[in-house]
Each structure stands twice: as structure tokens, then as C-alpha cells.
Amino acid sequence: FCFNLKKSAAEARRLLEEAYGEHAPSKTTCEDWFKRFRSGDFDTE
Numbered sequence: 032f033c034f035n036l037k038k039s040a041a042e043a044r045r046l047l048e049e050a051y052g053e054h055a056p057s058k059t060t061c062e063d064w065f066k067r068f069r070s071g072d073f074d075t076e
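Here it is in C-alpha cells:
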């Protein structure tokens, strides 16, 4: 949902880390997701 709110991958990562702590996805994973989202692929698997 952060992508749809025009947030950056780094902002999304910070929010996920707040919510999930050490279990949050890595910065690289978030960046990869956002790259795919920009290309129209919204699958997070």
C-alpha cells in the first residue's frame, strides 16, 4: 500500500520495520518489490 501512496521503498521498509522489527523484509527485498511494482507486477512471492 505504500507504493500506491507514492512512498519510497526506504519509507516502506521503515514502516515495516516499525511493525515487524527484525522480521521485516530487508531493504533489498523492498527495493526489489518496488522495482517490480513500477513495471506493473504486484506479486510479492
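For the sequence shown, my numbering begins at 32 and goes up steadily by one.
Here a beta-carbon is modelled for each residue, glycine too, at the ideal position from N, C-alpha and C.
- Where PHE65 is concerned, the enclosing alpha helix (DSSP H) starts and stops at 58-69.
- When DSSP states are grouped into helix, strand and coil, ALA43 belongs to the helix group.
- The beta carbon of LEU47 lies closer than 8 angstroms to those of ALA55, PRO56 and CYS61 in the same chain, with the five residues before and after it left out.
- Around the beta-carbon of ALA50, fewer than 16 other beta-carbon atoms lie within 10 Å, marking it exposed.
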